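Read through the structure below, which is laid out as structure tokens, and then see the notes.
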Amino acid sequence: MNVDSAENSDSGYLSRVSDAAENPSQSSEGSSRVIHAEAEDSSVITPYAEETVTENQSGLVAVNGTSLSSHDNGSQEETLRIGAFNIQVFGVKKASNPKIMNTLAKVLRTYDIVAVQEIRDSSQTALPALIKVVNSERANYSYVVSERLGRTSSKEQYAYIYDSDRVKLEGEPYTYSKPEGTDPFHRQPYIATFEDRNETLNLVLITVHTDPDEATEEINSLSTVLDSTRQTCPVEDNFVIMGDLNADGSYFDENKANSLSCGEYCWLIDNSMDTTTGDTNCTYDRIIITEDMESYFTGNSGLFRYDLKYNLTSEETNAVSDHYPVYAEFAFDSTEA
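Following the numbering used here, the numbering of the sequence shown begins with 1363 at its first residue and continues without gaps.
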């Protein structure tokens, strides 16, 4: 976590009431485990779907319950916050709006690593401009960006934006190479490996923005992507899939078994969380970890209500994006290196 950013205050997390106090929940068809995370203070709200919130300082909405592992947050432990954010048709037009850029920059500075989706900018100038704003507050963020992807003329890019003081990029990021004779994704997943500065924790991140009309098929293809990535990174165990998966609503049946619903995977964003800023109530954005990552998970995951944090109107919120960013936190012993 970027301790220099004021918006990273640990006080006052919004939490959601959960009945699953002892065990991660299971869907009716044995689908993916959803890990319910612990809120970081005692204030709770009625179920989030009712749009009732308790005012606090952070704007973070955490899924409440129990974590898979216990972390005492002692002096030997460090925490990384990672996540994903669809910044909705981000290009020159948004980059020319100072208020939107400042809000995006404040949000991004709450992360150590954030995967960004839906960059649409043939000029390739909008993202560098955003990073300049991010770093205007004495931060030290870097980024890597994919090639422009998509089957149609409307191309998108992914990016990983990361705090260079906390983590470093390992090797070269790459887009998933589809098997010959197949075309499973409108926009191939973008894969990058990061390591903390103490060389204690390695993370292989896979981000994707699925096509709404083929979300189910693309989500089911992600297990193949992970298998391929394991072969590319044979010494790594800690894999995270995150992004705008369109994993809800009419696009995807979240209660039906899929290729990522076996015990090998843990879904950290609860099906009850509304990751959209509009009138819908859908959990499109997800963070999914492999079993090896469970021991690092602090139990803290959810979404960032930047509208609450920065006192934005509905119009101002939707101008930034039609999605809220999602996050998860992982802790590790910095003395193990």
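From the three backbone atoms N, C-alpha and C, an ideal C-beta is built for every residue, glycine too.
Since this is a predicted model, take the numbers as computed values, not measurements.
Beta-carbon proximity list for residue i, same chain, < 8 Å, skipping 5 on both sides
i	result
SER1696	GLN1438, GLU1439, GLU1440, ASP1558, ASN1560 and THR1562
LYS1455	none
LEU1588	ILE1568, PHE1601, ILE1603 and THR1652
ILE1493	TYR1503, SER1504, TYR1505 and ILE1523
Other residues of its chain near residue i: CB distance less than 7 Å, five sequence neighbours each side excluded
i	result
GLU1417	A caution first: GLU1417 carries a pLDDT of 36, below 50, which makes its placement in the model unreliable, though a value can still be read off. Result list for GLU1417: empty, nothing under 7 Å.
GLN1550	LEU1511, THR1537, TYR1538 and LYS1540
SER1504	TYR1524 and SER1526
LEU1466	ILE1449, LEU1492 and VAL1682
ASN1497	TYR1503
For residue j and residue i, believed in contact at Cβ under 8 Å, the rounded distance
i	j	result
GLU1598	VAL1570	No, GLU1598 and VAL1570 are not in contact; Cβ-Cβ is about 18 Å, not under 8 Å.
ASN1448	SER1683	6 Å
ARG1667	VAL1495	At roughly 21 Å, the Cβ-Cβ gap does not stay under 8 Å, so ARG1667 and VAL1495 are not in contact.
ASN1564	GLU1532	7 Å
ALA1446	ILE1481	Rounded, the Cβ-Cβ distance is 13 Å, inconsistent with contact.
C-beta contact flag for residue i and residue j at 9 Å
i	j	result
ILE1444	MET1635	no
PHE1614	THR1660	no
GLU1678	LYS1461	yes
ILE1553	THR1594	yes
CYS1628	MET1655	yes
TYR1646	GLY1611	yes
ALA1535	SER1508	Checking the sequence shown, residue 1535 turns out to be Pro, not Ala. Yes, these two residues count as a Cβ contact at 9 Å.
ASN1608	THR1639	no
GLN1479	GLU1542	no
LEU1442	ALA1693	yes
Start and end residues, beta strand (DSSP E) containing residue i
i	result
ILE1651	1647-1652
GLU1691	1688-1695
GLU1579	Counting along the chain, GLU1579 falls outside any beta strand (DSSP E), though it belongs to the alpha helix (DSSP H) covering 1577-1594.
MET1635	Note, MET1635: premise wrong, no beta strand (DSSP E); not H, not E.
PRO1535	1529-1537
THR1569	1564-1569
ALA1477	1475-1481
MET1604	1601-1606
Pairwise C-alpha distance: residue j and residue i
i	j	result
SER1590	LEU1511	20 Å
GLN1388	GLU1626	Here the model assigns GLN1388 a pLDDT of 37, short of 50, so the residue's position is not dependable, and the following value carries that caveat. Roughly 13 Å between the two C-alpha positions.
VAL1529	ILE1523	11 Å
THR1572	VAL1469	23 Å
ASP1306	THR1544	Here the chain comprises residues numbered 1363 to 1699, so residue 1306 is not present and cannot be evaluated.
ALA1488	PHE1452	7 Å
ARG1592	ASN1673	43 Å
GLU1499	ASP1474	15 Å
LYS1671	GLU1691	19 Å
PRO1574	SER1585	18 Å
Contacting residues, own chain, Cβ-Cβ under 6 Å from residue i (five flanking each side not counted)
i	result
LEU1665	VAL1423, MET1635, THR1637, TYR1686 and VAL1688
GLU1580	PHE1547 and THR1572
SER1621	ASN1582 and SER1585
ARG1555	The residue asked about is misnamed: residue 1555 is Thr in this sequence, not Arg. Cβ within range, chain order: GLU1532, GLY1533 and VAL1566.
heavy atom of the ligand NAP below 8 Å from residue i C-beta
i	result
ILE1649	Here there are no bound small molecules, and the ligand NAP is not part of this structure.
Bounding residues of the alpha helix (DSSP H) (the contiguous stretch that carries residue i)
i	result
TYR1524	Looking at the DSSP string, TYR1524 is not in any alpha helix (DSSP H); the run it does join, the beta strand (DSSP E), is 1519-1525.
SER1676	1676-1682
ALA1619	Run containing ALA1619: none; DSSP gives neither H nor E here.
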